[in-house]
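*Asks:*
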Amino acid sequence: MNQAIIISDDQRWQAVNQCVEFSAQVMGARVQCAVRKTTLEHLVGLPLTNDDKMLEAYHSVQFDIEELLEQKLQQEDFEPNGEIIV
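Heads up, the sequence shown is in the working numbering, so the first residue is 8 and it goes up one at a time.
See the structure below:
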């Protein structure tokens, strides 16, 4: 687990945007984050066809998601609105 990134327990599936959205504390600042469905499918190695399983899939690969977030932070790869999307 990355100590520079602390993921809040506020994950929610956004079917319209096809992503899991959540917030994280990054060096003391709150940052909105999202993981695309395609990224989740890649990380779990399976197609995800049931919206009810998205959060379960997210939790099963949370440490991998933290690593992706860390890479985005190092690259300062933020969206124009300040979000990090992987």
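Every residue, glycine too, gets a C-beta built ideally from N, C-alpha and C.
For clarity, every value in this text was computed on a predicted model and none was experimentally measured.
Classify S15 as buried or exposed, calling it buried when 16 or more other Cβ atoms lie within 10 Å of its own Cβ.
*Replies:* Exposed: under 16 other Cβ atoms inside 10 Å.
*Asks:* Consult DSSP for E77 and reduce its assignment to one of helix, strand or coil.
*Replies:* Note: E77 maps to helix in three-state DSSP.
*Asks:* Going by beta carbon distance, what residues of the same chain come within less than 6 Å of L75, once the five residues before and after it are set aside?
*Replies:* Closer than 6 Å at Cβ, skipping near neighbours: V93.
*Asks:* Give the C-beta separation of L50 and Q18 to the nearest angstrom, bearing in mind that I take them to be a contact with Cβ-Cβ under 8 Å.
*Replies:* Going by Cβ atoms, the distance from L50 to Q18 rounds to 14 Å, so no, they are not a contact pair.
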